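Here is the structure we will look at, set down as structure tokens.
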Amino acid sequence: MGWTTEQDEAIHKRGESIIVSAGAGSGKTAVLSERILDYCLNGGDIRRVLVLTFTEAAAEEMKERIRKKLKENKLFTQAEYIDSTYITTFDSYSLSIVKKYYYKLGLEKGIAIMDGALISIKKNEIIRDLFTEYYLMEDESFLSFLRKYSLQDDKQVANMVFDMTSRLELIVDLDKFIEEYEDRYFSNEKIEEILSSYMEYVKEEVRSFIDSLKELANEASYDPKLESFYLPLSEYLSHLSIDDTYSNLYQQIALYEFPRASRYFDDRLKELHKIAKDKLALIKKDVFKEYTTLDMMRDEIYSTKKDVLFLLSVCDKVLKRLFEYKKEQNMFGFMDIAKLAISLVKNDSLVKEELMNSYDEILVDEYQDTSDIQEAFLSLLENNNRYMVGDIKQAIYRFRNANPYIFKEKYNKYASHDGGYKIDLTYNFRSRQEVLDNINQLFNSLMSDSLGDANYKKDHQMQFGQKDYLDLKQNIDFNMDILSYEKDEDIPFEQAEIEAFIIARDIKEKLLNGNQALRKKSFSKVSYNDFAILISTASEFLTFKAIFEYLNIPLSIEASLDLKESILPTLYKNILTVLSGIKSKDYSKEYYHSLASIARSFLYEYSDEDIYRLIYLKEDYPILEDMKNLLITDEISYSTLFYNINSIIHVYDKLSKIGDVDSSLVVLEYIHNIFKQFDTLGYDIHEASLYLSTLLDSGIKMEYKPGVSASDAVRIMTIHKSKGLEFPYVYFPLLTKGFNQADMKQSIGLSMKYGIFIPFVDEGKSSTIIKTLYSKEIRDEDVSEKVRLLYVALTRAREKMILLLPKEEIKNISQKNIKSFSDMIYYANSLSSYFKDIHLEDYHLEDYKASLKMKSSFNGDYKIEYEEDCMPNEVYKTQISKELKELPSKELKKSIELGLKFHRVLEVMDFKSIDLDNIPMNPLLKENLSVLLNDPLFQNIRNGKYYQEHEFVFSKDDLNYHGIIDLMVEYSDHIDIIDYKLSNVDSDAYKRQLGIYKDYVQTISSKQVDLYLVSIIKKEIKKIELE
């Protein structure tokens, strides 16, 4: 193939370290593999090249590309070396080094990788053990810390320690960091530096406020009737200066009473008045707070010193004990392996020299995704021979500890030929000219050094390179479409549902029109798999799936799922619990609960009558014989036990009963790997059961990739998942969804610039200025990453991009208040010509409502084929355990089933038009529903706006709350919160729960909030009054 001038330079330039900025679709992988071929053609040995990637798939693809090129150029000997070369991931390479030199690290041979979930569980166990020691010693520092930072028990403090250790583990030289922490972060110089940074932040906010005031005063000055308004305002402005001292600024701004709006204001002045007034309120609340002087801030930081150092010492103990445990097991996490490799190379000159002399060149793919630890390792190996390929505009993995500023700093240095050489690849060989023009048009206005960390207009505009598109002329406008619609509040559909309908119809139209897409060197008609839907999160995937099924369009969900979303891990945990009970002859309630769950599952499908006889009458059933056969011999490995479970119970043969067999097979392989670790760790069956129980109850996410779906289907995936892929037509819905800002709400954290922050405790708890500076730092970084995420999303399209946006009043959006992708589009203000009106009445959405009623649930909150194991925790664990001393009676079990079915029906109930006859249900359920729904509380809902299963996250008193409100109804003068309960509505715990719901609602509305509990079994509605 013909190479561009820039590509040719990237292939042949040698003699110094090089960074290649490779934009989307620029042929990065082709250039990288061609460079290695060129090296071999000039007498180089492939074994003296180190190629590091971030995924096994990328490494394998690179190997095959290079192998093919070598064979095509008759370098057969070099091609044979491919499988023994280091074309691999960072993790695999680090592990190979540690395994090779294990004896130099004081380790045993046969080092293995420990499951991340197991590490987390063990860390929690160590924290609990350490706390127990502190209690026994009556350690005053510990007890004092507890008094300040715990609530009812020490759980919150334990979580603080867990979270802080997770942050500390990312530091390259943690021992040095801890040793030097006090001198580094509590020195007078550092405190003054922090105060100086905060003062700059104050000036920045004050400057913004002054600019708003000036705009308001200037606009008001044109109207003589407003002289009494703008003259005092102008006088006030004349005395304001951002160069004033903090104390003076506090006096002038924090104590300033903002003038009331004049009755002569027009709409523009009203808007300017509100903007300036809101800015002042935020400055008073978030910037000046209660700080009248800088000394107050200084004293507050120093007052946290003792607690910060104690927390750091606790974390140090936890991490040291955790490492010793890993060392005893000879199993480590990949983070440990990387640090061990760094320690080895750093402290052993012979090893370092050997490794440095082993490679003529070190090539790094996707360099923008490098972490601090990986960069530290690379810097020890390089010898002016590093070749780094990446794209700062596609740096979207900060949540995986990537540090994009490593790339940015090196790119800027090499641009000045300081330490290396910079090459830009800007030609795009993926997309149509129109697609590239649209993307350039947006990001020329949006992405900059301060927003996205790249000067897009100067250095990164994409140029059209795929000339094959010029060979086919279609009567189609390939410029982007922004489909804009008016959402009437009376339309009983969520945004995701509306946009799913719009996309589905657009896909059908393009199929009917016979649109064609480029495939290699020719064009052919599009099919379903030429369309992709990209969303920032996976939360609405099932909504799209349901609507596409309704419209008979195949849709493939392509996303990593949480293992806990499958019923199989719970099933295997229950089997281990039953086996543990049989082996120890401990037939506890937990044993019978697990046995009943297995019996009811798809493996046995016993009826209620069968389970009653099995559990209460102790009759023999085949399930008991199967369980006993699994324990015929004591001395079997967990791998063998896993095989026996599948063989005796025929798990694989029955997977079709739960659907998606391919994904279930992936889950079973994951479980098999966990079982193999039980062998390595020497767990007995009770410990193995406890491990799985802890894992399933924890917040630890265990990701797996589901099986492959039908080939000809529309694909839906997250933007992160789409990176590295491309599609002819790409849709971008839910652009108004707000970004997750959980990181900025953390009450504790670590900034390498400012140090550890924890709440300042006096009479209450409050955040220090370090937390404020950290939040600003994180917020700026997060918005920049979201800009890059939008770039990654849009550059997946080859033929056309289609965006969806509900019509809304255009806000005064600045860089500081960007909170969604739609904000970015309006902020850039460069795409107005691509908006197209969509009229929802043309889509007949109401026809879908009847089918929606027939569904038990769209959001997947309840797991299929399970009864007791899918009971909501607050129902089963608190309510049932309070009322029963033995296993539930059959009558009560029926009541529980009623409660679950009631809850599911209400999740999808159309309260504007209640029609129980169209919902299939048993007579008892219909009777209870009829009584409750005829109550005025439910009858009045048709006069309000309601929200079902409303999920929320909010913070109060430095605590984060996350919950789901069953039903929230908004009226003109008040809001009703309605919570469904099984039976009892008198519990104080329920009142506390509703209190949290009320606190949350009051953060988003000033309306009166009324609280109600609904008893399903008692058919009772109770209004709750909080003290």
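FYI, my numbering numbers position 1009 of the sequence shown as 1018, with every residue one higher than the one before it. C-beta: ideal position from N, C-alpha, C; glycine also. All values reported here derive from a predicted model rather than from experimental measurement.
query                                                                                                                             : result
From 585, 593, 13 and 590, residue whose alpha carbon lies closest to that of residue 654                                         : 585
Cβ pair count under 8 Å reaching 3, the segment 429 to 445 against the segment 761 to 778                                         : no
Beta-bridge partners of residue 804, as assigned by DSSP                                                                          : Answer by DSSP bridge pairing: none, since residue 804 is not bridged.
Cβ-based neighbour list, residue 219, same chain, cut-off 8 Å, excluding 5 preceding and 5 following                              : 246, 249 and 251
When 292, 827, 683 and 319 are compared against residue 646, the one with the closest alpha-carbon                                : 683
Closest residue to residue 454 among 588, 855, 1018 and 832 (Cα-Cα distance)                                                      : 832
For residue 565: DSSP bridge partner residues                                                                                     : 724
Coil, strand or helix - residue 951 by DSSP                                                                                       : helix
Reduced DSSP category for residue 535 - H, G, I as helix; E, B as strand; rest coil                                               : coil
7 Å Cβ shell around residue 313 - same chain, five flanking residues per side excluded                                            : 767, 769 and 777
Segments assigned alpha helix (DSSP H), at least 4 residues, entirely inside the segment 399 to 462                               : 413 to 424 and 442 to 455
Stretch-stretch touch, CB-based, cutoff 8 Å, three pairs: the segment 165 to 178 with the segment 311 to 330                      : yes
Nonlocal neighbours in the same chain, by C-beta distance under 6 Å from residue 970, ignoring five residues either side          : 963 and 1005
DSSP three-state assignment for residue 853, whether helix, strand or coil                                                        : coil
Distance between residue 986 and residue 1034 (C-alpha atoms, nearest Å)                                                          : 12 Å
Cβ-based neighbour list, residue 69, same chain, cut-off 6 Å, excluding 5 preceding and 5 following                               : none
9 Å Cβ cutoff met for residue 740 and residue 541                                                                                 : yes
Beta-carbon proximity of residue 94 to residue 44, cut-off 9 Å                                                                    : no
Backbone CA spacing between residue 341 and residue 349 [nearest angstrom]                                                        : 10 Å
Contact the segment 729 to 743 vs the segment 503 to 518: 3+ CB pairs below 8 Å                                                   : yes
Length of the line joining the Cα atoms of residue 657 and residue 633                                                            : 12 Å
Neighbourhood of residue 282 by C-beta distance below 7 Å, restricted to the same chain and skipping five residues each side      : 225, 270 and 274
Delimiting residues of the beta strand (DSSP E) encompassing residue 300                                                          : That residue, residue 300, is in no beta strand (DSSP E); it is neither H nor E in DSSP.
Cβ contact check for the segment 180 to 197 and the segment 330 to 340: 3 or more pairs under 8 Å                                 : no
Length at least 3, wholly inside the segment 548 to 600: the beta strand (DSSP E) runs in chain order                             : 564 to 566
Contact the segment 387 to 398 vs the segment 76 to 87: 3+ CB pairs below 8 Å                                                     : no
Whole-Å CB distance - residue 221 paired with residue 284, under 8 Å assumed                                                      : 5 Å
For residue 854 and residue 1017, the rounded distance between their alpha carbons                                                : 33 Å
Whole-number beta carbon distance between residue 394 and residue 371, since they are thought to touch under 8 Å                  : 6 Å
Which residues DSSP lists as bridging residue 760, in chain order                                                                 : 764
Any 3 or more C-beta pairs closer than 8 Å across the segment 619 to 634 and the segment 570 to 580                               : no
Sufficient close CB pairs (3 or more, under 8 Å) joining the segment 795 to 814 to the segment 514 to 531                         : yes
Coarse secondary structure for residue 391, derived from DSSP in three states                                                     : coil
Chain-order list of residues whose beta-carbon lies under 8 Å from that of residue 351 (same chain, five-residue window excluded) : 181, 382, 385, 386 and 389
Alpha-carbon to alpha-carbon, residue 197 and residue 292                                                                         : 27 Å
Endpoints, beta strand (DSSP E) assigned at residue 528                                                                           : 525 to 528
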